[in-house]
Amino acid sequence: MDKVPRDQVVLPTEADLRNGLVMDASGPVLPSWSNTGFLELSLSRPAAVSRAPAAGDHRWPLLMRVERVNSTCHLRNLSRTRGGIGSAPYDDRQRTLTHFFAPAPKDSRGRR
């Protein structure tokens, strides 16, 4: 496994810490996440590459920055359903998951 050079590591800012990244003396700590929490990363190319890639080196010079950890910003304006999901009335317009996928084509023997 290749190691990331220290000059390409971006340490978290105060904003990162407010977005759910927890730090201790050993580095980032990833506690349990929310059921729908997600990790947001940004990838970018460095402004200048300091050296030409070695022959046979097919890696791209990319920088990765952690933007949000366990982000639940998509839940901010949601209101909870009273009584939970089981209390909703039956809706005959709902479809099963298989409804959204076409069946696999049959082969020459009539098998899928």
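For the sequence shown, the positions run 245 to 356 when the numbering used here is used.
Glycine residues also receive a C-beta, built at the ideal position from the N, C-alpha and C atoms.
Predicted, not measured: the structure shown is a model, and the values here were computed from it.
Residue i classed as buried or exposed, judged by whether at least 16 other C-beta atoms fall within 10 angstroms
i	result
Arg312	buried
Spatially closest choice to residue i from the options, by CA coordinates
i	options	result
Arg303	Ile329, Arg289 and Ser315	Arg289
Ser278	Asp251, Leu306, Leu285 and Thr316	Thr316
Ala292	Arg326, Pro305 and Arg355	Pro305
Leu283	Asp336, Ser352, Met308 and Lys350	Met308
DSSP state of residue i mapped onto helix, strand, coil
i	result
Leu306	coil
Ser323	coil
Gly330	helix
Phe345	coil
Rounded Cβ spacing between residue i and residue j (contact assumed at less than 8 Å)
i	j	result
Arg339	Ala348	Not confirmed; about 19 Å, so no contact.
Thr342	Ala332	21 Å between Cβ atoms; not a contact.
Asn314	Gly271	About 16 Å separates the two Cβ atoms, so there is no contact after all.
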